[in-house]
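The opening position of the sequence shown corresponds to residue 506 in this note's numbering, with each subsequent residue numbered one higher. The C-beta atom is built at its ideal place from N, Cα and C for all residues, glycine as well. Here's the structure, in structure tokens; my notes come after.
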Amino acid sequence: MKRRDILVHACCGPCSTSSIERMLGEGWNPVLYFSNSNIFPFEEAQKRFDELMKVAKIYELEVIREIYDHESWLKAIRGFEKEQEGGERCRNCFAYNLAEANAKAIQLGFDHFTTTLTVSRFKHSPTIFAVGKQYERFEAIDFKKQGGFERSNILSREYGLYRQQYCGCEFSIRP
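Here you go:
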């Protein structure tokens, strides 16, 4: 089977585990892309990047890291800070991250890109797909299907990965 290269917007190590397994099984050659300026604070973003690097080492995959620019992300979601989790703030966040991934895919010559965000049972995949369909290169893969979320939990425990307790932005932190 010929492997197809795909740039994968990876939000964290745990969500990447079962997503990578599935992509490899479907004949993809994933290159992980860590572009998550939504994650707050920076120390949390660094922790999630470190966990992604552990996963990349296990699967022997390349990781590309984007510059952290939380101020740019805040501008993208301005006016939606008080929105409920799963609302317009999240949609704008998806739009921000997928635009970054699309630009990187074009820059690096990838014909395909996707995101691991769909593995989470807390993320509405149809909303992510609606945002992604504006990009010709976007592959709408629902990684939570086929037991993806459950598998990511199993693999995260097996690999000893840090599993965060909130989506990433300061507005999703619950006291």
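Closest residue to residue i among the options (Cα-Cα distance)
i    : options                   : result
W510 : F627, P631 and F618       : The sequence shown places Asp at residue 510, not Trp. For D510, the nearest C-alpha among the options comes from F618.
N543 : G652, E571 and K609       : E571
D574 : A550, H514, Q589 and E644 : A550
G652 : E526, A515 and H514       : E526
Alpha-carbon to alpha-carbon, residue j and residue i
i    : j    : result
F680 : F545 : Per the sequence presented here, residue 680 reads as Pro, with Phe not at that position. Distance between the alpha carbons of P680 and F545 is about 15 Å.
M528 : G518 : 15 Å
D647 : E663 : 23 Å
F547 : E576 : 12 Å
R654 : T621 : In the sequence as displayed, the identity of residue 654 is Phe instead of Arg. Each residue's alpha carbon lies about 11 Å from the other.
I659 : T522 : 9 Å
A604 : G665 : 31 Å
S661 : C595 : 24 Å
G592 : F599 : 11 Å
S657 : G584 : 33 Å
For residue i, the three-state DSSP class (helix, strand or coil)
i    : result
I607 : According to the sequence displayed, residue 607 carries Asn and not Ile. Correct three-state label for N607: helix.
L566 : coil
L512 : strand
F676 : helix
F643 : strand
D555 : helix
Bounding residues of the alpha helix (DSSP H) (the contiguous stretch that carries residue i)
i    : result
Y538 : Per DSSP, Y538 belongs to no alpha helix (DSSP H); it is in the beta strand (DSSP E), W533 to F539.
R450 : In the structure as shown, the chain starts at 506 and stops at 680, and residue 450 therefore has no counterpart that could be examined.
T623 : Unbroken run through T623: none, as it is neither H nor E.
R656 : G653 to Y664
F634 : S630 to G637
E576 : H575 to I582
N-terminal and C-terminal residue of the beta strand (DSSP E) that residue i is part of
i    : result
F618 : F618 to T620
Counting pairs of beta carbons, one from the region 637-653 and one from the region 551-566, are three or more of them closer than 8 Å?
no
Below 8 Å, can you find three or more Cβ-Cβ pairs linking the region 529-539 to the region 566-574?
yes
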